[in-house]
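Read through the structure below, which is laid out as structure tokens, and then see the notes.
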Amino acid sequence: MTATMSRLCAFRVADLWLGVDAHHVQELLRPQPVTRVPLAAACVVGLMNLRGQIAVAIDVRLALGLPARAAGDAHMNVVVRDRDHIVALVVDRIDDVIEIDLGLLEPLPSGPRAIVALYKLPDRLCHVVDISRLLAVGGSS
Amino acid sequence: MATVSAQDDEIVREFVVEGHENLDRLERELVAYEREGATPDRIASLFRTVHTIKGTSGFFGFARLQRLTHAAEQVLSKIRDGERALTPAIVTALLDVVDETRMLLASIEAVGAEDERNCDALIATLCHLADGEPVAAEATEPTVAETPVSDAYVESTVRVAIAVVDRLVDLASELVLARNQIARLSAARRDPALTAATQRLDAVASALQDSVMRTRMQPIGSVWAKLPRLVRDLASELGKSVRLELAGEDTGLDRTVLDAVRDPLIHLVRNAIDHGVESPEHRQEAGKPAEAVVELRASHEAGRVTIELRDDGAGIDPARVRAKAIECGMVTAEAAARISDVDAIQLVFAPGFSTAKKVTRVSGRGVGMDVVKTNVEAIGGTVDVVSCVGAGTCVRIEMPLTVAIIPALIVHVDRARYVIPLAKIVELVRVEASSPAFARVVASPVFRLRGSVLPVVDLGRLFGATSADDSDGDSANVTVVVVQDGDRRIAFVVDAVADNEQVVVKPCGAMLDRLWVYSGATILGDGEIALILDVRGVARRAGLGWSRAAERAAMLIGGHAASGIAAPSVPVKVERPAWLVATSSAGRRVALPLAEVTRLEELAPSAIERAGDREVVQYEGRLLPVVRLDGPHESGEQLTLVIHVSQVGILVHAIAELVEQAVVVDRATAGPGRFGSAVVGGRVADVLDVATLGARLAA
Numbered sequence: 001m002t003a004t005m006s007r008l009c010a011f012r013v014a015d016l017w018l019g020v021d022a023h024h025v026q027e028l029l030r031p032q033p034v035t036r037v038p039l040a041a042a043c044v045v046g047l048m049n050l051r052g053q054i055a056v057a058i059d060v061r062l063a064l065g066l067p068a069r070a071a072g073d074a075h076m077n078v079v080v081r082d083r084d085h086i087v088a089l090v091v092d093r094i095d096d097v098i099e100i101d102l103g104l105l106e107p108l109p110s111g112p113r114a115i116v117a118l119y120k121l122p123d124r125l126c127h128v129v130d131i132s133r134l135l136a137v138g139g140s141s
Numbered sequence: 142m143a144t145v146s147a148q149d150d151e152i153v154r155e156f157v158v159e160g161h162e163n164l165d166r167l168e169r170e171l172v173a174y175e176r177e178g179a180t181p182d183r184i185a186s187l188f189r190t191v192h193t194i195k196g197t198s199g200f201f202g203f204a205r206l207q208r209l210t211h212a213a214e215q216v217l218s219k220i221r222d223g224e225r226a227l228t229p230a231i232v233t234a235l236l237d238v239v240d241e242t243r244m245l246l247a248s249i250e251a252v253g254a255e256d257e258r259n260c261d262a263l264i265a266t267l268c269h270l271a272d273g274e275p276v277a278a279e280a281t282e283p284t285v286a287e288t289p290v291s292d293a294y295v296e297s298t299v300r301v302a303i304a305v306v307d308r309l310v311d312l313a314s315e316l317v318l319a320r321n322q323i324a325r326l327s328a329a330r331r332d333p334a335l336t337a338a339t340q341r342l343d344a345v346a347s348a349l350q351d352s353v354m355r356t357r358m359q360p361i362g363s364v365w366a367k368l369p370r371l372v373r374d375l376a377s378e379l380g381k382s383v384r385l386e387l388a389g390e391d392t393g394l395d396r397t398v399l400d401a402v403r404d405p406l407i408h409l410v411r412n413a414i415d416h417g418v419e420s421p422e423h424r425q426e427a428g429k430p431a432e433a434v435v436e437l438r439a440s441h442e443a444g445r446v447t448i449e450l451r452d453d454g455a456g457i458d459p460a461r462v463r464a465k466a467i468e469c470g471m472v473t474a475e476a477a478a479r480i481s482d483v484d485a486i487q488l489v490f491a492p493g494f495s496t497a498k499k500v501t502r503v504s505g506r507g508v509g510m511d512v513v514k515t516n517v518e519a520i521g522g523t524v525d526v527v528s529c530v531g532a533g534t535c536v537r538i539e540m541p542l543t544v545a546i547i548p549a550l551i552v553h554v555d556r557a558r559y560v561i562p563l564a565k566i567v568e569l570v571r572v573e574a575s576s577p578a579f580a581r582v583v584a585s586p587v588f589r590l591r592g593s594v595l596p597v598v599d600l601g602r603l604f605g606a607t608s609a610d611d612s613d614g615d616s617a618n619v620t621v622v623v624v625q626d627g628d629r630r631i632a633f634v635v636d637a638v639a640d641n642e643q644v645v646v647k648p649c650g651a652m653l654d655r656l657w658v659y660s661g662a663t664i665l666g667d668g669e670i671a672l673i674l675d676v677r678g679v680a681r682r683a684g685l686g687w688s689r690a691a692e693r694a695a696m697l698i699g700g701h702a703a704s705g706i707a708a709p710s711v712p713v714k715v716e717r718p719a720w721l722v723a724t725s726s727a728g729r730r731v732a733l734p735l736a737e738v739t740r741l742e743e744l745a746p747s748a749i750e751r752a753g754d755r756e757v758v759q760y761e762g763r764l765l766p767v768v769r770l771d772g773p774h775e776s777g778e779q780l781t782l783v784i785h786v787s788q789v790g791i792l793v794h795a796i797a798e799l800v801e802q803a804v805v806v807d808r809a810t811a812g813p814g815r816f817g818s819a820v821v822g823g824r825v826a827d828v829l830d831v832a833t834l835g836a837r838l839a840a
């Protein structure tokens, strides 16, 4: 892999294909019990005990302003590391790890949005998510 | 040749270890100064270090060491006085002194005496340098040493990165959690062998956690290190003579606690010197030694650390505190007179309080003791002041050793568990939900407890419990957790309380920190997570942000004797505008921003007097003009005077409620004294325009 190549961990949320930098991804997990956090933003699902470390679980649908998942629908956790703390992204389902050519990444105009770039795959369009921004957006809602 | 007796052995050992540390520093500093240039402070520091070694050597009779360090001190004193520059030759010679001293210390450590080294050449070189004479080149050569290293010194300390220590603390906490889980499982099994093993695990895990927490401790001396300098500078600036005495420098404290106490301590020391200690002349007039003593003492006591700052200065004069509190508008003159001397001194902790006669660079800017109190309380500590006029003041700070593991109460709210730090809890009261102790004073729910009225936060309601839960089996009973937040108490209503536990505080991420409601989270024995409540944040979230004014109003309205403590003269920061709604005798509702109200006073109609063609009341030694809302018809046995910031008293029949909401003022009904109308608290009220109300009065 050359310096211009990178990897995205891709997942599905509503009708969007999203991807986060695979370097940040710590693990993929089935649904876990969570502790509700009253008064937090709607997208904060709760707190999760990951072998003694506490992770905030964020519903990516709600954080991006997409319609909520129907109760009982399947979902998965993408556990990512953002600076010193860990966050569990709650997504509909997990796709592949895809290799991308950074040169072909199409950055979106900068702004507060969590989706910072697009990447065209032969069969679909992958939206690249910046985790810090996703958290900032989720925290302020 | 000096030898060391057995009882001195320990002291000498300490001297050797300390000596090595001093030499290390000396060496580093010398090299750095040569590169970066030496400032007078740095030279003074070098001088002191050498002087210390010399003094101690003399004490133990190590003549060679004493002569050598004396010669070095001579050179340094010339440099300090500006007679010599710190030339490379001098640095070299001083470094040689460091090497020689190390050799001598090594031999003192090994055989209890100096070895027969010949230091005369080096001493001669130093003398030449001190006198500014040229030095023969070979004289500075001889002792490039393969520096012997003291065994005691090497074994006594190991440097470890903070991150490694933090990781160890985390792992130890995990072990404690795992132990809790195993203890639970083993209790269910009733297997004697398992129980025994669990008990052993229990003991080891506790001991390990304890030891690991200890590694995170740093001596408080690391905070005190700059105090001697601070005291010296302050004293000379203020023309005072002060001796600082430190005791218990090696008292260990957790890093977080240490950070929290750093600024308060510096502030307290400044205060002691600026306000406490008198000028030498005053002291001598009072029959005290000209030199004041400020004593700082730290010690461990029952799992907590106590820091005492004592000065033998003028003490805090309760009379002056009262006068100042009245001047700042914190208490009324009558109330101040009722406060005991001991309580009056506690007023120094009120926000905005300062008795400094003049504002100096050092202190007296009105920020201070309240910040000290807030900082210390934030980590679960307490501050007390005891003072005796003429004899001095003692400030006593008590703090937990660590904030990483805290004793806490687990409570149930809406089928979830939450953690309240025990340090914040005053008492628990179990009552029926329908108890008459729960009342509503105007709009705010309150809890009456032995004559005081506490604002209530129903955690279930705050956290959005569904009303269906109210019909649960045990809902007839609730537990009130009375918590202390600064100088006020609040009643938290919870469904039930579980255990007292030592919980390990874990951060729960910036995203939740921004809510201010939780100070972290913890993992309970069964692996489930519980949020740790931040008492102040919860209160604020529940709309008690302005509760001091509201509490006072509630007391007035509830027919309790006014406490005498008035609202702060600076409006309390409100997150949403709060409105005071009052009624006139004619039943008119009027509203004005609570922030503009400085005080509420109940008064009899006879208290209103005439001055010229105006009505006035005597208020704090002044005449306060009074406005009646409904002209001269305002009547009744008891009236309430709403004192506005513009020094006008508005006479009302009663205070109706306190409403926290944004209002939209309809200007169509505007008129003299009336800014317009608005819906406040669900009903229409006239929004007062106090400026024109006063003008109407003047007309």
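Residue numbers (the working numbering), protein chains in the order written: chain A, 1 to 141; chain B, 142 to 840. Cβ coordinates follow ideal geometry from the N, Cα and C atoms, glycine included.
Identify, in the order they occur along the chain, each residue of the same chain with its Cβ nearer than 6 angstroms to the Cβ of residue 13 of chain A, setting aside the five sequence neighbours on each side.
In its chain, beyond the 5 residues on either side, 60, 61, 91, 92 have a beta carbon closer than 6 angstroms to the beta carbon of residue 13 of chain A.
Would you list, in sequence order, the uninterrupted alpha helix (DSSP H) runs of no fewer than 4 residues that lie entirely inside the region 542 to 606 of chain B?
Whole alpha helix (DSSP H) segments, 4+ residues: 600 to 603.
From the DSSP secondary-structure annotation, give me the bridge partner or partners of residue 807 of chain B.
Beta-bridge pairing links residue 807 of chain B to B/818.
Chain B contacts made by the region 27 to 51 of chain A, where a contact means CB separation under 9 angstroms:
Those residues of the region 27 to 51 of chain A that come within reach of chain B (Cβ to Cβ, closer than 9 angstroms) are 33, 34, 35, 36, 37, 38, 39, 40, 41, 44, 46, 47, 48, 49, 51.
So, for residue 106 of chain A: in the same chain, excluding its five sequence neighbours on each side, which residues have a beta-carbon less than 8 angstroms away from its beta-carbon?
By the criterion of a C-beta distance shorter than 8 angstroms, residue 106 of chain A is surrounded in its chain by 117, 118, 119, 120, once the five residues flanking it on both sides are discounted.
Please classify residue 633 of chain B: does DSSP put it in a helix, a strand, or coil?
Correct three-state label for residue 633 of chain B: strand.
Flag this pair as yes or no: are the beta carbons of residue 409 of chain B and residue 446 of chain B separated by less than 8 angstroms?
The answer is no: Cβ separation not under 8 angstroms.
In the region 395 to 469 of chain B, which residue ranges form an unbroken alpha helix (DSSP H) of at least 4 residues, counting only runs that do not cross its ends?
Those alpha helix (DSSP H) runs which fall completely within the region 395 to 469 of chain B and span 4+ residues are 396 to 412, 421 to 426, 459 to 468.
Name the chain C residues that come within less than 9 angstroms of residue 54 of chain A, Cβ to Cβ?
Absent from the structure: chain C. Protein chains present are A and B.
I think residue 833 of chain B touches residue 813 of chain B, with their Cβ atoms under 8 angstroms apart; what is that distance to the nearest whole Å?
In this structure, residue 833 of chain B and residue 813 of chain B form a Cβ contact; the two beta carbons are roughly 5 angstroms apart against a cut-off of 8 angstroms.
Considering residue 164 of chain A, what are the terminal residues of the beta strand (DSSP E) in which it resides?
This structure does not reach residue 164 of chain A, given that chain A is present from 1 up to 141, and the question cannot be answered.
Closest to residue 424 of chain B by CA distance: which of B/213, B/412, B/399, B/454 is it?
Of B/213, B/412, B/399, B/454, the residue nearest in Cα terms is B/454.
Would you mind telling me which residues of chain B sit closer than 9 angstroms to residue 85 of chain A, beta carbon to beta carbon, in chain order?
Neighbours of residue 85 of chain A on chain B, chain order: 648, 649, 650, 651, 652.
For residue 376 of chain B and residue 549 of chain B, I'd like the C-alpha separation in whole angstroms.
In this model, residue 376 of chain B and residue 549 of chain B are separated by some 44 angstroms (Cα to Cα).
With respect to the alpha helix (DSSP H) encompassing residue 196 of chain B, which residues constitute its N-terminal and C-terminal limits?
For residue 196 of chain B, the uninterrupted alpha helix (DSSP H) segment begins and ends at 181 to 201.
Contacts that residue 349 of chain B makes with chain A (C-beta to C-beta distance below 9 angstroms)
Identification of chain A residues near residue 349 of chain B by a Cβ-Cβ cut-off of 9 angstroms yields none; the smallest Cβ-Cβ distance measures about 15 angstroms.
Counting C-beta neighbours from all protein chains within 10 Å, is the total for residue 4 of chain A 16 or more, i.e. buried, or is it exposed?
That one is exposed.
In terms of residues, what are the limits of the alpha helix (DSSP H) holding residue 82 of chain B?
Chain B is shown only over 142 to 840; residue 82 of chain B falls outside these bounds and no answer can be derived.
Which residue comes first and which comes last in the alpha helix (DSSP H) that contains residue 220 of chain B?
From DSSP, the alpha helix (DSSP H) with residue 220 of chain B extends over 204 to 221.
Below 8 angstroms, can you find three or more Cβ-Cβ pairs linking the region 432 to 444 of chain B to the region 379 to 391 of chain B?
The way I'd put it, the region 432 to 444 of chain B does touch the region 379 to 391 of chain B; three or more beta-carbon pairs between them come closer than 8 angstroms.
Short of 7 angstroms in beta carbon distance, which residues of its chain neighbour residue 183 of chain B, apart from the five on each side in sequence? Order them along the chain.
Around residue 183 of chain B: 170, 174.
According to the neighbour-count rule (16 or more other Cβ atoms, all chains shown, within 10 Å of its Cβ), is residue 101 of chain A buried or exposed?
With fewer than 16 Cβ atoms within 10 Å of its Cβ, residue 101 of chain A is classed as exposed.
Per DSSP, residue 7 of chain A is paired with what?
A/99.
For residue 315 of chain B and chain A, any beta-carbon pair shorter than 8 angstroms?
Residue-level contact by beta carbon holds for residue 315 of chain B and chain A, with a gap shorter than 8 angstroms.
Is it a yes or a no for the region 337 to 347 of chain B touching the region 357 to 372 of chain B, going by three-plus beta-carbon pairs under 8 angstroms?
Contact between the region 337 to 347 of chain B and the region 357 to 372 of chain B is absent, because fewer than three Cβ pairs lie under 8 angstroms.
Per DSSP, residue 540 of chain B forms a beta bridge with which residues?
Beta-bridge pairing links residue 540 of chain B to B/446.
State the CB to CB distance for the pair residue 667 of chain B and residue 322 of chain B, rounded to an integer number of angstroms; the pair is presumed to be in contact (CB under 8 angstroms).
Taking the Cβ atoms as the reference, residue 667 of chain B lies roughly 7 angstroms from residue 322 of chain B, within the contact range of under 8 angstroms.
So which residues of chain B does residue 135 of chain A contact, with C-beta pairs closer than 7 angstroms?
Those are 652, listed as they occur along chain B.
For residue 23 of chain A, is the classification buried or exposed, using 16 other Cβ atoms within 10 angstroms of its Cβ as the cut-off for buried?
Residue 23 of chain A is classed as exposed because its beta carbon has fewer than 16 other beta carbons within 10 Å across all chains shown.
Less than 8 angstroms between CB atoms is the rule here; does residue 445 of chain B satisfy it with respect to chain A?
Cβ-Cβ to chain A under 8 angstroms: no for residue 445 of chain B.
Neighbouring residues, chain A, relative to residue 605 of chain B (Cβ below 9 angstroms)
Around residue 605 of chain B, the beta-carbon contacts reaching into chain A at under 9 angstroms are 38, 39.
Chain-ordered chain A contacts of residue 656 of chain B [CB-CB under 7 angstroms]
Residue 656 of chain B reaches chain A at 39, 40, counting residues in chain order whose Cβ is nearer than 7 angstroms.
By how many angstroms is the C-alpha of residue 414 of chain B removed from the C-alpha of residue 751 of chain B?
Approximately 50 angstroms, taken between the alpha carbons.
Any C-beta of chain A sitting closer than 8 angstroms to the C-beta of residue 682 of chain B?
Contacts with chain A at 8 angstroms (Cβ-Cβ) include residue 682 of chain B.
Where the alpha helix (DSSP H) containing residue 647 of chain B begins and where it ends:
It is not in any alpha helix (DSSP H) - residue 647 of chain B carries neither H nor E in the DSSP assignment.
Distance between residue 551 of chain B and residue 558 of chain B (C-alpha atoms, nearest Å)
Roughly 6 angstroms separates the two Cα atoms.
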